[in-house]
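In my numbering, the protein residues as written are 4 to 133.
For each residue, glycine too, the CB sits at the ideal point set by N, CA and C.
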């Protein structure tokens, strides 16, 4: 179990050292112990956009980025709507320590992608199928 105060101190140090540079923050998270990194990525200390960038190393469109910035990383346990396409919601979540992107109508899942290529895969799916 990771001590929350120590985790908060670590997050503060990472933010100070990365100076709002998403790429640098992601690179600084890479070498951390898996348990510590996992705790940070699921905490209220990071926002959902920072977690998104960590996993995909991509900057989404401005609206998606803003939506993610408004949510704590801990919200990803239940999922965050990052886009709407017709009647479908695109949801970003974490299952365990793996990023997951879903397209759903609220009742059924139309498509599900996981892992580091999930964002690229969902964009291709949206482009080709919807």
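Buried versus exposed, by CB contacts within 10 Å (16 or more), residue i
i	result
residue 109	exposed
residue 118	exposed
residue 34	exposed
residue 56	buried
residue 1	Any answer about residue 1 is impossible in this case: the structure gives the chain only from 4 up to 133.
residue 9	exposed
Residues that residue i bridges to, as DSSP identifies them
i	result
residue 125	Answer by DSSP bridge pairing: none, since residue 125 is not bridged.
residue 115	105
residue 87	92
residue 98	101
residue 75	50
Cβ separation of residue i and residue j, assumed to be a contact under 8 Å, to the nearest whole Å
i	j	result
residue 79	residue 96	5 Å
residue 93	residue 103	So it is not a contact: roughly 11 Å between Cβ atoms.
residue 11	residue 51	Their Cβ separation, rounded to whole angstroms, is 18 Å, which puts residue 11 and residue 51 out of contact at 8 Å.
residue 61	residue 122	6 Å
Min CB distance residue i to chain C below 7 Å
i	result
residue 40	Given the protein chain composition of this structure (a single chain), no chain C is represented.
Review point. Any chance the segment 103-121 sits against the segment 64-74, with 3 or more Cβ pairs inside 8 Å?
Key: Contact between the segment 103-121 and the segment 64-74 is absent, because fewer than three Cβ pairs lie under 8 Å.
**Study point:** Inter-stretch contact (C-beta, 8 Å, three-pair minimum) for the segment 77-92 and the segment 22-36
**Key:** no
Review point. At what residue ranges does the segment 11-57 contain a whole run of the alpha helix (DSSP H), taking only runs of 4 or more?
Key: 25-32 and 37-44
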